[in-house]
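Enquirer:
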Amino acid sequence: MTDENRVDMKKARALLKNRINGRMPEPGEYETGLAGVRLYRRDQVSKPGNCLYQPAIIKMVQGYKRAWIGADEYRYGENEVMVVGVDMPGISMICEASPEAPSTSIAIDLDKNLIAQLALEMSPAPYEAGDLVKGVLVQPLEADLLDAFLRLAELFDQPEKLAVIGPMIVREIHYLLLAGPNGHRLRLFHTLGSQSHQIARAISWLKENLATAVPIESLAEKVNMAPSTFHRYFKEITSLSPLQYQKRIRLHEAQRLMLAKDMNAGSASAAVGYESLSQFNREYKRLFGEPPRRDIKRLQDEAV
Numbered sequence: 002m003t004d005e006n007r008v009d010m011k012k013a014r015a016l017l018k019n020r021i022n023g024r025m026p027e028p029g030e031y032e033t034g035l036a037g038v039r040l041y042r043r044d045q046v047s048k049p050g051n052c053l054y055q056p057a058i059i060k061m062v063q064g065y066k067r068a069w070i071g072a073d074e075y076r077y078g079e080n081e082v083m084v085v086g087v088d089m090p091g092i093s094m095i096c097e098a099s100p101e102a103p104s105t106s107i108a109i110d111l112d113k114n115l116i117a118q119l120a121l122e123m124s125p126a127p128y129e130a131g132d133l134v135k136g137v138l139v140q141p142l143e144a145d146l147l148d149a150f151l152r153l154a155e156l157f158d159q160p161e162k163l164a165v166i167g168p169m170i171v172r173e174i175h176y177l178l179l180a181g182p183n184g185h186r187l188r189l190f191h192t193l194g195s196q197s198h199q200i201a202r203a204i205s206w207l208k209e210n211l212a213t214a215v216p217i218e219s220l221a222e223k224v225n226m227a228p229s230t231f232h233r234y235f236k237e238i239t240s241l242s243p244l245q246y247q248k249r250i251r252l253h254e255a256q257r258l259m260l261a262k263d264m265n266a267g268s269a270s271a272a273v274g275y276e277s278l279s280q281f282n283r284e285y286k287r288l289f290g291e292p293p294r295r296d297i298k299r300l301q302d303e304a305v
């Protein structure tokens, strides 16, 4: 990269900070007016906490975070982009944040249909039948991708332009990721016949059938894989066994139901497939560190 390009990227990052940070006077989650695009601000560093990463493109505007998916650690800040290909239970931590210099980010839902459409329109990417990727990718921020984020941010105060041009820029961002250094890995989740695509299908089924108990053999059969092969590839992508994964996403959904729908622990646990409330309480505390009622109260207090 030339010195001129370095200067241009430094200037673009500063402009992006001004555009994004100026829209968020207080900590919280902010809608942008464009579906699937959100902004986040946090004013304090945090301890490592359990979270469920959903398919998204995440650009830190200011500060940096650490994430742990299984045994793998990821660090991403102003000079990286994090791409989550499938729903991934993990642990995250805000490492830099203060009221004067908050942690801010922009997140774009990863559009699986758009990825599949663009992959068909682009030159085929070579891959081997056994190729496998992790569910999370972190890559250096390139100048053209930063420019696309900046142009998108400049539309947030122009609703009419945002409605028309915003989706075009979101499409461009997806294209740039597919054309970038990790594009072939992202494509694998949407390449028919690849193990990554088969595991992605299984994950979608588990999400859509949270309350359904299904043997691993049956789940493997649904995606046309031998049980032993399915178990191995599932763990390589998510860092969890299928049963561990199902338990995690059930607990995260139960937490969401108690927060967003004001459900009690009994109703939430039944909604995600638990037959025993005591088992739910034990596993919830093991994952989140506190019993359901106390954990939800803490989260509600932090949101005020």
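Position 297 of the sequence shown, counting from 1, maps to 298 under my numbering, and the rest follow consecutively. For every residue, glycine included, the Cβ atom is placed at its ideal position computed from N, Cα and C.
#1: Go to Q63, then tell me how far its beta strand (DSSP E) extends in each direction, as first and last residue.
#2: Check each candidate in P160, A57, G267 and name the one with the smallest Cα separation from L111.
#3: Would you mind sorting L244 into buried or exposed? The rule is 16 or more other CB atoms within 10 Å of its CB.
#4: DSSP on R249, reduced to helix/strand/coil?
#5: Which same chain residues, not among the five before or five after P141, have their C-beta less than 7 Å away from its C-beta?
#6: Is it buried or exposed, A214, if we count other Cβ atoms within 10 angstroms and call 16 or more buried?
#7: Classify R24 as helix, strand or coil using the three-state DSSP reduction.
#8: Count the other CB atoms within 10 Å of the CB of V307; is the residue buried (16 or more) or exposed (fewer)?
#9: With 16 as the cutoff for other CB atoms within 10 Å, does T105 come out buried or exposed?
#10: Which residue from N265, N225, V171 puts its Cα closest to that of R152?
#11: By DSSP, does V120 sit in helix, in strand, or in coil?
#12: Going along the chain, which residues of its own chain have a beta-carbon closer than 7 Å to the beta-carbon of M10, five neighbours each way excluded?
#13: Between I107, S99, E74, W69, which has its C-alpha nearest E312's C-alpha?
#14: Taking only the alpha-carbon atoms, compute the straight-line gap between E276 and Q45 and give it to the nearest angstrom.
#15: For Y234, which residues from the same chain have a beta carbon less than 6 Å from its beta carbon, with the 5 sequence-adjacent residues on both sides left out?
#16: With DSSP as the reference, label E79 as helix, strand or coil.
#17: Quick check on T192: does DSSP put it in helix, strand or coil?
#18: Over what stretch of residues does the alpha helix (DSSP H) that includes E222 continue unbroken?
#19: Would you please state the rounded distance, in angstroms, between the beta carbons of K208 and I238? I believe it to be under 8 Å.
#20: Short of 7 Å in beta carbon distance, which residues of its chain neighbour A72, apart from the five on each side in sequence? Order them along the chain.
#21: From R283 to Q159, what distance separates their C-alpha atoms?
#22: Please confirm whether Y65 and M89 have their CB atoms less than 8 Å apart.
Expert: From the atom records:
#1: 57-63
#2: A57
#3: exposed
#4: helix
#5: N80, E81
#6: exposed
#7: coil
#8: There is simply no residue 307 to check, as the chain begins at 2 and stops at 305 in what is shown.
#9: buried
#10: V171
#11: As written in the sequence, residue 120 is Ala, which differs from the Val given in the question. In this structure, A120 counts as helix in the three-state DSSP scheme.
#12: A144, L147
#13: The chain is shown from 2 up to 305; residue 312 falls before or after that span and cannot be answered.
#14: 38 Å
#15: Q196, I200
#16: Reduced to three states, the DSSP call for E79 is coil.
#17: coil
#18: 217-223
#19: That pair is no contact at about 15 Å.
#20: Once the five neighbours on either side are set aside, the close Cβ partners of A72 are S240.
#21: 49 Å
#22: No, the Cβ-Cβ distance between Y65 and M89 is not below 8 Å.
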